[in-house]
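Using my numbering, you'd call the opening residue of the sequence shown number 73 and step up by one each time. Contents: one structure, followed by commentary.
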Amino acid sequence: MTTKQLESPLYESLQAQFEIVALQDQHEATKAYRAQAMETFRTLGFPSIKNEEWRFANVLPLVKTTYEVSADKNAQISEETLAQAKTLIAAHKEDILPKLKGEEKGAYRLVTINGVFSKELSFLPDNAGITISTIGEAVDQPGYQEYFGKIVTLENNAFASLNGAMFTDGLFIELKANTVLDMPIHIIKVKLASGNALFQPRNLFVVHKNAQMDVIETYISESDNDASILINGVSEIAVEENAHFFHYDIQKGCKNIRKIQRNEAVQKKHSNYSNYTFTFPGSSFTRNNLAIHLDDEAIESHLYGLYLTAGEQLVDNHTEVHHKKPHGESNQLYKGIIMDKSKAVFNGKIYVYEDAQKTNAFQQSNNVLFSEQATVHAKPQLEIFADDVKCSHGTTIGQLNKEAIFYLKSRGIGEEQAKQLMVKAFAFDVAEKIKIPALRSYVEEMITEEMKGH
73 MTTKQLESPL YESLQAQFEI VALQDQHEAT KAYRAQAMET FRTLGFPSIK NEEWRFANVL
133 PLVKTTYEVS ADKNAQISEE TLAQAKTLIA AHKEDILPKL KGEEKGAYRL VTINGVFSKE
193 LSFLPDNAGI TISTIGEAVD QPGYQEYFGK IVTLENNAFA SLNGAMFTDG LFIELKANTV
253 LDMPIHIIKV KLASGNALFQ PRNLFVVHKN AQMDVIETYI SESDNDASIL INGVSEIAVE
313 ENAHFFHYDI QKGCKNIRKI QRNEAVQKKH SNYSNYTFTF PGSSFTRNNL AIHLDDEAIE
373 SHLYGLYLTA GEQLVDNHTE VHHKKPHGES NQLYKGIIMD KSKAVFNGKI YVYEDAQKTN
433 AFQQSNNVLF SEQATVHAKP QLEIFADDVK CSHGTTIGQL NKEAIFYLKS RGIGEEQAKQ
493 LMVKAFAFDV AEKIKIPALR SYVEEMITEE MKGH
């Protein structure tokens, strides 16, 4: 598949910035990967709506904007920026999972400021079984050498290729064999910019044999800032034999943040990777690309998503699950509540390869339109090349049941409260999957808060 090149001054700017990034990188393997990624990006260019994968997500307004691009892979946090971040975190105390804050011993806390790891604001596990560093400092780590650049798919992925060529920040987290963390790691990503800015974080998570880890990711930025922030992020995830990784992404950004994120995971025998993506009103443009490769037998994968959209927001979820070996199991459940003039997209694909007999793969997308001007595009897909499998997919699009609302109102419940009760019931199937009680309560409270007035 080819993409039509969008005319964009950003494209020319990135070409020039790439030369600086490439010169700064002294690691031969990484330099070669950057060159390969940049060549792929040059071939693909930014995708237009003529590309089937991007037909409902027009990136032209994003790439026509001029951004300041950080090309310094050795960037430091200034005292002024650190003070700004402290103030912002304090101001968002109720928005960043207060019951999970590190000082309350509900979770470890890992803070990055514009992609730079802040040890001063972090509360990290004192455990010899875990390595946490910047992606740049990890080049000699065994997990980095084994997996970096070998999981994410660059072919036909323009933004992932751009990230591979231009990343200057990000995290490396490696959990050694037989290590089980006693608390989740809450990654708080602070974004501060006085002008338009493009950030391209690159993360690598490696969970070795018999290990288990929970990671929660959130963004915060200045809500009164007019600067446009574009985040083009990539995370590679390796879950080895009998390992478990529970990955939560809580997306509640400000309107000035536009985000394109690709998470790509590879799994080994008897492993479990579970991804939970919750998107709330805020960011004007959110594109989540999630790809899972079940590369061994008896693997379990669970993908759960809940999106509440409002205003003129766009939330686009694309998933791929690749069943390559026998006895694999995957479940996808995505639910959307689309309000005002917002638009939501769900495009889910399940591939069952010829060798993947005895596969169980299920996919469901359910959507509720809260406005006549709201739009949703749902497209579940199956491609099966094995004959002894159990696979199903389905999608529903509708409105809240008026008879049920009338029934609740007849019992003395106000219309707004009746709608909130029905939305809670609708979202329950996804929220109940959260394994961390404090996080589950937080998400349920967020749903109630965001539904007020609708």
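All C-beta atoms, glycine included, are put in the ideal place defined by N, C-alpha and C.
Report all residues from its chain with a CB closer than 8 Å to the CB of residue i; omit the five preceding and five following residues, and keep chain order.
i      : result
Val135 : Leu78, Ser80, Leu82, Tyr83 and Phe118
Tyr105 : Phe220, Gly221 and Gly236
Ala299 : Ala265, Ser266, Gly267, Asn268, Ala269 and Asn328
Compute the distance between the beta-carbons of residue i and residue j, then report whether it is under 8 Å.
i      : j      : result
Leu362 : Ile410 : no
Ile161 : Val287 : no
Glu541 : Ile309 : What is shown of the chain runs 73 to 526, which leaves residue 541 out entirely.
Ile332 : Ile292 : no
Glu312 : Ser266 : no
Leu276 : Ile202 : no
Ala94  : Lys103 : yes
Glu487 : Lys481 : yes
Glu294 : Leu264 : yes
Ala476 : Tyr425 : no
Met238 : Leu116 : no
Leu234 : Phe113 : yes
Ala249 : Asn199 : no
Leu302 : Val279 : no
Gln89  : Val141 : yes
Report the partner residues of residue i according to the DSSP bridge assignment.
i      : result
Ser307 : Asn275 and Asn335
Ser293 : Lys263
Glu384 : DSSP, once it has assigned bridges, lists no residue as partnering Glu384.
Thr184 : Phe189 and Lys261
Pro197 : Note: Pro197 sits in no beta bridge, so no partner.
Phe434 : Asn403 and Ser464
Phe90  : Bridge partners of Phe90: none, in fact.
Lys281 : Bridge partners of Lys281: none, in fact.
Asp412 : Asp412 pairs with nothing; no bridge assigned.
Who are the near neighbours of residue i in its chain, counting only those whose CB is closer than 6 Å to its CB and skipping five residues on each side?
i      : result
Phe388 : According to the sequence provided, residue 388 is Asp. The question's Phe does not apply to it. Cβ within range, chain order: Ala129, Arg359 and Val417.
Pro273 : Gly187, Asp241, Gly242 and Gly305
Gln284 : Val252 and His316
Thr468 : Asn438
Trp126 : Pro119
Lys415 : Leu386 and Thr447
Lys173 : A caution first: Lys173 carries a pLDDT of 48, below 50, which makes its placement in the model unreliable, though a value can still be read off. Answer for Lys173: no residue qualifies.
His374 : Ser346 and Asn403
Val338 : Ile223, Ala310, His365 and Asp367
Excluding the 5 residues preceding and the 5 following residue i in the sequence, name in chain order all residues of the same chain whose CB lies nearer than 7 Å to its CB.
i      : result
Ile149 : Ile185, Val188 and Ser190
Leu454 : Ile422, Cys463 and His465
Leu472 : Val440, Lys491 and Met494
Phe318 : Asp286, Ser346 and Lys507
Thr153 : Ile185 and Leu264
Count the CB pairs spanning the segment 314–329 and the segment 339–354 that are closer than 8 Å, and state whether there are at least three.
Cβ pair count under 8 Å is three or more, so yes.
Could you tell me whether the segment 423–434 touches the segment 393–409, where touching means 3 or more Cβ pairs closer than 8 Å?
They touch, by the three-pair rule.
Let me know the alpha helix (DSSP H) ranges lying completely inside the segment 117–159, each 4 residues or longer, listed in chain order.
The qualifying runs are 132–135.
In the segment 318–365, which residue ranges form an unbroken beta strand (DSSP E) of at least 3 residues, counting only runs that do not cross its ends?
Runs found: 329–339 and 344–351.
Starting from the N-terminal side, write out each stretch of the alpha helix (DSSP H) that is 4 residues or longer and does not extend beyond the segment 200–254.
The DSSP assignment places 214–219 and 230–238 as complete runs of the alpha helix (DSSP H) inside the segment 200–254, in order along the chain (cut-off: 4 residues).
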